[in-house]
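*Asks:* In short: position in the sequence shown from 1, add 292, done, that's the working numbering. Glycine included, each C-beta is placed from N, C-alpha and C at the ideal position. Note that the structure is predicted; figures quoted are calculated from it, not measured. Just passing along the structure, written as C-alpha cells.
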Amino acid sequence: MFKKIIVISLTLGLLLGGSIAQATPIQNSVIEVQAKAKIKLNVTKKTIDKGKTYTLKVSGTSKKVKWSSSNKSVATVSSKGKVTAKKAGTTTISAKVSGKTLKCKITVKNPITRQKIVVIDAGHQAKGNNAKEPIGPGAKEKKAKVTTGTTGKWTKKKESEINLAVAKKLRKELEKRGYKVIMVRTKQNVNISNKERADIANKAKADVFIRLHCDGSNNKRVNGAHTIAPTSKNKYVPKKAKSSSQKLAQSIISSFCKKTKAKNRKVSYRDDMSGINWCKVPVTIIEMGFMSNKDEDKKLATSAYQTKCASGKGHCKDYPYIS
Ligand SMILES: [Zn+2]
Numbered sequence: 293m294f295k296k297i298i299v300i301s302l303t304l305g306l307l308l309g310g311s312i313a314q315a316t317p318i319q320n321s322v323i324e325v326q327a328k329a330k331i332k333l334n335v336t337k338k339t340i341d342k343g344k345t346y347t348l349k350v351s352g353t354s355k356k357v358k359w360s361s362s363n364k365s366v367a368t369v370s371s372k373g374k375v376t377a378k379k380a381g382t383t384t385i386s387a388k389v390s391g392k393t394l395k396c397k398i399t400v401k402n403p404i405t406r407q408k409i410v411v412i413d414a415g416h417q418a419k420g421n422n423a424k425e426p427i428g429p430g431a432k433e434k435k436a437k438v439t440t441g442t443t444g445k446w447t448k449k450k451e452s453e454i455n456l457a458v459a460k461k462l463r464k465e466l467e468k469r470g471y472k473v474i475m476v477r478t479k480q481n482v483n484i485s486n487k488e489r490a491d492i493a494n495k496a497k498a499d500v501f502i503r504l505h506c507d508g509s510n511n512k513r514v515n516g517a518h519t520i521a522p523t524s525k526n527k528y529v530p531k532k533a534k535s536s537s538q539k540l541a542q543s544i545i546s547s548f549c550k551k552t553k554a555k556n557r558k559v560s561y562r563d564d565m566s567g568i569n570w571c572k573v574p575v576t577i578i579e580m581g582f583m584s585n586k587d588e589d590k591k592l593a594t595s596a597y598q599t600k601c602a603s604g605k606g607h608c609k610d611y612p613y614i615s
C-alpha cells in the first residue's frame, strides 16, 4: 500500500515536474506579448478632411514616440502625433516606440461642400407695376412694386431685355462653374415686385443674389458701371448680409470693369432700394452701363458684350467672405 502511494506520487511528481518545466517558457512569452500588446495607438484607421488635424495617441508607455508619415504630401505628423491633412489620398503614420512600430492608415478626403447658390434677378419686366409696396420690412415709405426700366436712347431696346439676356448668359457661366442657379425670371412677361424678388433669394438661402440692371441719365456723356450695396446703417438688412453685400458689390464692380473695360464708377451705398432692403442674403445690384450713352447703349445690345458682362470673375469666383 505504502509503496503504491510513493510510486503514484513519483509519477505525479514526474508528470507535474515535466509539465511545469514545459510550461514556464510559454508563460513567459505570453507575459511578454501581453506587455507589448498594451502599447498601442488609439486608432489604426482614420479619415480626416483636408485642412483638418487629428492627434494620434500611444498608450501603454511613457517612452518617447518617434512619428513619421509615409506620404507627407497627403498628411504630416508632428513630434507629438498631431496629424495635419494636406491633400486627398492615403498615408501611413508610423509610431516607433520601445522597439515596436505601430501603424495608422490615414485617409484624407476633400470636405463635402454645399453647392453654392446664386440667385439672378434680371431687373424689371416687360411692363412695370405701379402698385406700391413698403421699401423694407416695417418701412412706412413705399415705392412702386417694379418699374419698366430705361430704354436705349439709340437702340430703343428695353433695359429689361438687356438684363434678361445677360442673366441667361450669367446662368450658363455659373452653372458651368458648378453653382446652383435660380432665376427670378426667364421671360419678359412676368409680374414680380422687387420685394418678391428678394423673397425668392431669401427662400433659396442664396449665397449671392445678383440683380442685373442698366442705367439711364439725362447727360448722354455719362458712362460706366457701378454696383449698389446697403450702407452700414441700413435698418432693414441683417448685419451679416449687410457687410457681405458690401464686399460682394466691391468684388463684382472691380472684376466687371476689368472684363468689360467699362469705366469703374465704384460702389454706391444706398438704403432706398426695396429689392435690397427686403434681403436677408448677400445682395448687390450691378448697373452695367448707361443706355443714355451712345457707345454703351450700342455695346450693351450686342451678344458679344453681354457675354463679357456675364463672365467677369467676380460673378463666378468663390466668394471667400461668405460662409
Ligand atoms: Zn434698372
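Provide the residue(s) that pair with V375 in DSSP beta bridges, ordered along the chain.
*Replies:* Reading the sequence shown from its first residue, position 83 is the one you call residue 375. Answer is Y346 and V369.
*Asks:* Is E425 near ligand 1, with its Cβ less than 7 Å from a heavy atom?
*Replies:* Looking up residue 425 in the sequence shown gives position 133. No - ligand 1 has no heavy atom lying nearer than 7 Å to the Cβ of E425.
*Asks:* Under the rule that 16 or more other beta-carbon atoms within 10 Å means buried, what is P403, buried or exposed?
*Replies:* Translated into the one-based positions of the sequence shown, residue 403 becomes position 111. The residue in question, P403, is exposed, as its Cβ has fewer than 16 Cβ neighbours within 10 Å.
*Asks:* Taking 8 Å as the limit between beta carbons, can you name the residues of its chain near Q538, skipping five residues before and five after?
*Replies:* Counted from its first residue, the sequence shown places residue 538 at position 246. Cβ neighbours of Q538 beyond the five flanking positions: A521, P522, S524, V559 and Y561.
*Asks:* Between the Cα of V411 and the Cα atoms of K424, P530 and K572, which residue gives the shortest distance?
*Replies:* Counting from 1 along the sequence shown, the entry for residue 411 is found at position 119. Taking only the C-alpha atoms, the option nearest V411 is K572.
*Asks:* So which of G415, V400 and K356 has the shortest CA-CA distance to T393?
*Replies:* Working through the sequence shown from its first residue, we reach residue 393 at position 101. Considering only alpha carbons, the answer is K356.
*Asks:* Let's test the definition: count the other Cβ atoms within 10 Å of the Cβ of I367 and tell me whether it reaches 16, buried, or not, exposed.
*Replies:* Counting from one through the sequence shown, the residue named residue 367 turns up at place 75. At residue 367 the sequence reads Ala, which differs from the Ile that was named. Its Cβ being crowded by 16 or more others within 10 Å, A367 is buried.
*Asks:* When we look at the beta-carbon of E588 and count the other beta-carbons within 10 Å, is it buried (16 or more) or exposed?
*Replies:* By one-based count along the sequence shown, residue 588 stands at place 296. Looking at its Cβ environment, which holds 16 or more other Cβ atoms inside 10 Å, E588 is buried.
*Asks:* Where the beta carbon is closer than 5 Å to any heavy atom of ligand 1, which residues qualify, in chain order?
*Replies:* Selection output, chain order preserved: G415, G441 and H505.
*Asks:* Check whether the region 421–436 touches the region 482–494, taking contact to mean three or more Cβ pairs, one atom from each stretch, closer than 8 Å.
*Replies:* Yes, the region 421–436 is in contact with the region 482–494.
*Asks:* Let's test the definition: count the other Cβ atoms within 10 Å of the Cβ of Q407 and tell me whether it reaches 16, buried, or not, exposed.
*Replies:* Along the sequence shown, read from residue 1 onward, the residue named residue 407 stands at position 115. Exposed, since its Cβ has fewer than 16 Cβ neighbours within 10 Å.
*Asks:* Taking the C-alpha atoms as reference points, what is the distance between S354 and V529?
*Replies:* Counted from its first residue, the sequence shown places residue 354 at position 62. Counted from its first residue, the sequence shown places residue 529 at position 237. Each residue's alpha carbon lies about 57 Å from the other.
*Asks:* Excluding the five sequence neighbours on either side, which residues of its own chain have a C-beta within less than 7 Å of the C-beta of Q314, listed in chain order?
*Replies:* By 1-based counting over the sequence shown, the position of residue 314 is 22. In this predicted model, Q314 has a pLDDT of only 49, less than 50, meaning its place in the structure is not dependable; the value taken from the coordinates is given anyway. Closer than 7 Å at the Cβ level, and outside the excluded window around Q314, lies no residue.
*Asks:* Counting Cβ pairs, one atom from each stretch, are 3 or more of them under 8 Å apart for the region 394–401 and the region 449–457?
*Replies:* No contact exists between the region 394–401 and the region 449–457.
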